[in-house]
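4 protein chains.
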Amino acid sequence: MVAVMHSHPQHRDVQNTRPGRPRSAAADRAILAATRTALVELGWSKLTMSDVATRAGVAKTTLYRRWAGKSELVVDAVAVLFDELELPDLGSLPADLEAMVLRLAALLDRPETRTSMMAVVAEATRDEALRRRIRSAIVDRQKVLVLEGRARAQERGELPYEKDPETAAHDADLIFDVIAGAVVHRTLVSAEPVDPAWAHRFTRLLIGGLASLTQRDPHQAP
Amino acid sequence: MVAVMHSHPQHRDVQNTRPGRPRSAAADRAILAATRTALVELGWSKLTMSDVATRAGVAKTTLYRRWAGKSELVVDAVAVLFDELELPDLGSLPADLEAMVLRLAALLDRPETRTSMMAVVAEATRDEALRRRIRSAIVDRQKVLVLEGRARAQERGELPYEKDPETAAHDADLIFDVIAGAVVHRTLVSAEPVDPAWAHRFTRLLIGGLASLTQRDPHQAP
Amino acid sequence: MVAVMHSHPQHRDVQNTRPGRPRSAAADRAILAATRTALVELGWSKLTMSDVATRAGVAKTTLYRRWAGKSELVVDAVAVLFDELELPDLGSLPADLEAMVLRLAALLDRPETRTSMMAVVAEATRDEALRRRIRSAIVDRQKVLVLEGRARAQERGELPYEKDPETAAHDADLIFDVIAGAVVHRTLVSAEPVDPAWAHRFTRLLIGGLASLTQRDPHQAP
Amino acid sequence: MVAVMHSHPQHRDVQNTRPGRPRSAAADRAILAATRTALVELGWSKLTMSDVATRAGVAKTTLYRRWAGKSELVVDAVAVLFDELELPDLGSLPADLEAMVLRLAALLDRPETRTSMMAVVAEATRDEALRRRIRSAIVDRQKVLVLEGRARAQERGELPYEKDPETAAHDADLIFDVIAGAVVHRTLVSAEPVDPAWAHRFTRLLIGGLASLTQRDPHQAP
DNA sequence: CCCTAAACGAGACGGTACGTCCAGTCTTCAC
DNA sequence: GTGAAGACTGGACGTACCGTCTCGTTTAGGG
Numbered sequence: 057m058v059a060v061m062h063s064h065p066q067h068r069d070v071q072n073t074r075p076g077r078p079r080s081a082a083a084d085r086a087i088l089a090a091t092r093t094a095l096v097e098l099g100w101s102k103l104t105m106s107d108v109a110t111r112a113g114v115a116k117t118t119l120y121r122r123w124a125g126k127s128e129l130v131v132d133a134v135a136v137l138f139d140e141l142e143l144p145d146l147g148s149l150p151a152d153l154e155a156m157v158l159r160l161a162a163l164l165d166r167p168e169t170r171t172s173m174m175a176v177v178a179e180a181t182r183d184e185a186l187r188r189r190i191r192s193a194i195v196d197r198q199k200v201l202v203l204e205g206r207a208r209a210q211e212r213g214e215l216p217y218e219k220d221p222e223t224a225a226h227d228a229d230l231i232f233d234v235i236a237g238a239v240v241h242r243t244l245v246s247a248e249p250v251d252p253a254w255a256h257r258f259t260r261l262l263i264g265g266l267a268s269l270t271q272r273d274p275h276q277a278p
Numbered sequence: 057m058v059a060v061m062h063s064h065p066q067h068r069d070v071q072n073t074r075p076g077r078p079r080s081a082a083a084d085r086a087i088l089a090a091t092r093t094a095l096v097e098l099g100w101s102k103l104t105m106s107d108v109a110t111r112a113g114v115a116k117t118t119l120y121r122r123w124a125g126k127s128e129l130v131v132d133a134v135a136v137l138f139d140e141l142e143l144p145d146l147g148s149l150p151a152d153l154e155a156m157v158l159r160l161a162a163l164l165d166r167p168e169t170r171t172s173m174m175a176v177v178a179e180a181t182r183d184e185a186l187r188r189r190i191r192s193a194i195v196d197r198q199k200v201l202v203l204e205g206r207a208r209a210q211e212r213g214e215l216p217y218e219k220d221p222e223t224a225a226h227d228a229d230l231i232f233d234v235i236a237g238a239v240v241h242r243t244l245v246s247a248e249p250v251d252p253a254w255a256h257r258f259t260r261l262l263i264g265g266l267a268s269l270t271q272r273d274p275h276q277a278p
Numbered sequence: 057m058v059a060v061m062h063s064h065p066q067h068r069d070v071q072n073t074r075p076g077r078p079r080s081a082a083a084d085r086a087i088l089a090a091t092r093t094a095l096v097e098l099g100w101s102k103l104t105m106s107d108v109a110t111r112a113g114v115a116k117t118t119l120y121r122r123w124a125g126k127s128e129l130v131v132d133a134v135a136v137l138f139d140e141l142e143l144p145d146l147g148s149l150p151a152d153l154e155a156m157v158l159r160l161a162a163l164l165d166r167p168e169t170r171t172s173m174m175a176v177v178a179e180a181t182r183d184e185a186l187r188r189r190i191r192s193a194i195v196d197r198q199k200v201l202v203l204e205g206r207a208r209a210q211e212r213g214e215l216p217y218e219k220d221p222e223t224a225a226h227d228a229d230l231i232f233d234v235i236a237g238a239v240v241h242r243t244l245v246s247a248e249p250v251d252p253a254w255a256h257r258f259t260r261l262l263i264g265g266l267a268s269l270t271q272r273d274p275h276q277a278p
Numbered sequence: 057m058v059a060v061m062h063s064h065p066q067h068r069d070v071q072n073t074r075p076g077r078p079r080s081a082a083a084d085r086a087i088l089a090a091t092r093t094a095l096v097e098l099g100w101s102k103l104t105m106s107d108v109a110t111r112a113g114v115a116k117t118t119l120y121r122r123w124a125g126k127s128e129l130v131v132d133a134v135a136v137l138f139d140e141l142e143l144p145d146l147g148s149l150p151a152d153l154e155a156m157v158l159r160l161a162a163l164l165d166r167p168e169t170r171t172s173m174m175a176v177v178a179e180a181t182r183d184e185a186l187r188r189r190i191r192s193a194i195v196d197r198q199k200v201l202v203l204e205g206r207a208r209a210q211e212r213g214e215l216p217y218e219k220d221p222e223t224a225a226h227d228a229d230l231i232f233d234v235i236a237g238a239v240v241h242r243t244l245v246s247a248e249p250v251d252p253a254w255a256h257r258f259t260r261l262l263i264g265g266l267a268s269l270t271q272r273d274p275h276q277a278p
């Protein structure tokens, strides 16, 4: 993950020829790790910049030199967790989907993820820049998995190739929102576990719906 | 909406004979209204108790006498908005579902709702009491709509009567998480509009999936 | 001591025929006692009306019905302590004076007195009504002792009779300020004990000065 | 005036090499000046830390970083006023003493002094640290004047040299309490003016007493 | 091998909100 | 109409962080 950092010269020379003391990469790592630890212990609302600085053995100024505020810092700290999400290949679409759902649920069950996800999203409702940051750091990372999964299922012949590229894109978005939404809502709002039984029923529902989506719309004229 | 308030005797005598000056009901109304206004203007994180008190024309102490903190206050203030959610009756399950999805999306599109929902849920990840409050004030209120919708569809013959009551309950939960999750995710995370076209595709997906759910599970033995 | 109380009808009928429930004299006593106890425990600045009310088993309203505020209450509560000050009769002016000094010092050494005296006086620097209350309740009570002491010494022939009544009054004031001032300053400002040795030296100083006061002023003509 | 400040390292290195931003000396001056102004306008009990901060154009935190509370702040603010007390030299002990009394009275008559002195002393009855602060900042400053005055009178031959150094110290304390006590009591408790006539009578009393103090104690054996 | 310029730690700065406490008033019921 | 109880407005309290600032001190190239 390479987040674009606050007040960083956007594009450095290929050879970093900026004068002066370079920024400490160790500090970056220490700060992000400290942020995750603090998130688990304190939760979003009680996490403070000062506290993170202390934990990371770093001055507050160093934080502010790199991130504009708490939200930005937390997004970067959490984003790396989503790197581990990978599409499993178990040979069939339902099996892959079910495994994917369980992996996503496991990720959302980790304290640092569950605590920060909703809070960051909430902050983003009033902050377009933050929304973009979340999208590039987290959401898009998940969305490609949907596209990969569909491509693989089409190769296997489990799904037809959609002719209209626009419809294809819309459907991918729809399916992404359904999967991620259902798992997030189950985990964080309903606060009930995504166990294999639930994942199985959900997969059946989704596979069945997917099939009917590819048929001609019965509500619309022939 | 009847919120359980901070430090209130849970059930008073039928004749309220507590000594001392009774609490002002007008203050309650003013505070909740002020909270909603402030939410719209400032968003969750910049909303302060002091500001709410000032807007409501009430002393800060009066707020703290009734709510333990910002989260509790906001849950109560927002909960009332969910009262307006009602199940439409358009004659068919797909039509009803589509309308319902649009209504829910419209509600989540209102600034006070979108701003506060996620934030409150985020707070709740670390607070069991708050989680209960949200569940009773908001989540359960929506869940009954799913049950009503299913019952009506069964009366119409659009859905079969499930024999096993446990499976019935689980499926209702599943469907609730899928609907609410998809709409919430689309609205707040993907940050794209739930327009009639999206609602229509989503409804087709869900109705199709619903049908396959009621069939015998092809993955399990005959 | 019967202080004139806040909002009391100044003069009641000989037969108390006021309508309604009469005030509880027990409450008065309890309040003043509670005030003294609280003063010892908490000191002036941390003593609160609410706390006194609780200790006295009385509602806050009852306090405010009788005293206008903290200062007034404390003056009344402390004034009674000064009732015990009496002029000793040991047969000679120096002996009486020395004993008097030690008694006054002992009174000022009691926690409730030392804590409240200065505080009340401090409040009074900005409040004429309070100043009158202190004067009548405390200061004048001490000043008569000076007058009594002089009269007795004159009867004994230890002091001459001053011809000019105005000079007599001024000198009594002067001597009062010197005695009370020295003891108060030693006790509360210098914060050192008024022990018999100090009292003895002070008495010698004062008696000697008194003698020179009654002589003709060497600074003034013939 | 050198006040010992809250949480200050008592003695820094000769070269101030403490890390971090140094404290603003200008802030100190502004705060103490604002405190004196506020004292005059509002009096001790209505003076608030917030108000002082606002007047000084300084944040409340800056006050609390330097002084532990209202009492400490006021002591330092007032202490500087006592710097102006100087021993006059008019050629004779009675003249010097009379002038000194009038100067002290004039100082105690200034609103900021009269309002705060007693209140601070009252607070100090329950606070040893505050008592020490008052002593070093105010009381000792006055006591040296007594010692200076005595030394000068001895040089002039107006007073004998005391043989026993302990007796000398005790007598200085006694005289200090008598002078300061009488003036303070007259000014603040009796609330009557220290005019030249009073100062003259008081001086006569004290000079006379002083003379008798240096004689052999008639009460004690030869 | 120093020079230069930025990054660093430390911590004070002006602010804002916190949640608590108390003042003094008002409202209700019981006696 | 007094008394107890307790909710009310209002405002200061002292604390905690915020994000900025001003220091003196590293620390790495580049000359």
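Residue numbers (this note's numbering), protein chains in the order written: chain A, 57 to 278; chain B, 57 to 278; chain C, 57 to 278; chain D, 57 to 278. C-beta: ideal position from N, C-alpha, C; glycine also. Values in this document were obtained by computation on a predicted structure and should not be read as measured data.
If you look at Arg-257/D, you'll find it in the alpha helix (DSSP H) that goes 252-270.
A distance below 7 Å between beta-carbons, with the five flanking residues on each side excluded, links Ala-175/C to the following residues of its chain, in chain order: Trp-100. Rounded to whole angstroms, Thr-181/C and Phe-138/D show a C-alpha spacing of 19 Å.
Each residue's CA atom was taken as its position, placing Ile-194/A and Leu-160/A some 12 Å apart. Within the stretch 85-100 of chain D, the residues whose Cβ lies closer than 7 Å to any Cβ of chain C are, in chain order, Gly-99 and Trp-100. Taking Val-96/A as the centre and dropping the five residues before and after it, the same chain places the C-beta of Pro-167 and Glu-168 closer than 6 Å to its C-beta, in chain order.
Between Pro-252/A and Gly-147/B, the alpha-carbon positions lie close to 36 Å from each other.
At a beta-carbon threshold of 7 Å, the residues of chain D lying near Gly-265/C are Leu-261, Leu-262, Gly-264 and Gly-265, ordered along the chain. Exclusion of the five residues before and after Ala-267/D leaves no residue of its chain whose Cβ lies closer than 8 Å to its Cβ. Following the DSSP letters along the chain, one finds Tyr-217/B in no alpha helix (DSSP H), marked with neither H nor E. For Phe-232/A, the uninterrupted alpha helix (DSSP H) segment begins and ends at 221-240.
Ser-127/C is the residue among Ser-127/C, Leu-88/C and Ala-94/C whose C-alpha sits nearest the C-alpha of Met-173/C.
Excluding the 5 residues flanking it on each side, Ile-190/A has same chain C-beta neighbours closer than 8 Å at Val-131, Val-176, Val-177 and Ala-180, in chain order. Between Pro-144/B and Ala-162/B, the C-beta gap is not smaller than 8 Å, which leaves the two residues out of contact.
At least one CB atom of chain A sits nearer than 8 Å to the CB of Phe-258/B.
Put simply, the backbone Cα of Leu-164/B is about 5 Å away from that of Arg-170/B. By the Cβ test, the stretch 100-118 of chain D is in contact with the stretch 71-89 of chain D, since at least three Cβ pairs between them sit closer than 8 Å.
Thr-270/B is classed as exposed because its beta carbon has fewer than 16 other beta carbons within 10 Å across all chains shown.
Around Arg-208/C, the same chain offers no residue with a beta carbon nearer than 6 Å, after the five sequence neighbours per side are excluded. Contact check for Leu-153/D against Leu-262/D passes: the beta carbons are separated by less than 8 Å.
Residue environment analysis places Thr-243/A among the buried positions, since at least 16 neighbouring C-beta atoms fall within 10 angstroms of its C-beta. Under the Cβ criterion of 8 Å, Gly-237/C is counted among the residues facing chain D. Under the criterion of beta carbons closer than 8 Å, Val-250/C and Val-114/C do not qualify as touching, at roughly 37 Å.
Taking all protein chains in view, the Cβ of Gly-76/D is surrounded by fewer than 16 other Cβ atoms within 10 Å, so the residue is classified as exposed. A residue is called buried when at least 16 other Cβ atoms come within 10 angstroms of its Cβ; Thr-91/A meets this threshold and is buried. Val-234/A and Ala-238/B do touch by the CB rule: their CB atoms are close to 5 Å apart, below 8 Å. In the three-state reduction of the DSSP assignment, Pro-249/A falls in the coil class. The contact set of Met-174/B on chain A, defined by CB atoms closer than 8 Å, consists of Met-174, Ala-175, Val-177, Ala-178 and Thr-181 in chain order. Check the Cα spacing between Ala-247/B and each of Leu-141/A, Ser-106/A, Ala-185/A and His-256/A: the tightest is with Ala-185/A.
Taking Leu-88/C as the centre and dropping the five residues before and after it, the same chain places the C-beta of Ala-133 closer than 6 Å to its C-beta, in chain order. Nearest in C-alpha terms to Gly-264/A, of all of Leu-215/A, Leu-129/A and Ala-124/A, is Leu-215/A. As summarised for the stretch 115-152 of chain A, the continuous alpha helix (DSSP H) elements at least 4 residues long and confined to that stretch are 116-122 and 126-135, given in chain order.
Under the three-state reduction of DSSP, Asp-183/B is assigned to coil, being neither helix nor strand. The beta carbon of Val-240/D sits closer than 8 Å to those of Leu-164 and Met-173, all from its chain and outside the five residues before and after it, given in chain order. Cα atoms of Glu-218/C and Arg-260/C: separation of roughly 21 Å, rounded to the nearest angstrom.
Contact between Arg-206/A and Ala-228/A holds: their C-beta atoms lie close to 7 Å from each other, under 8 Å.
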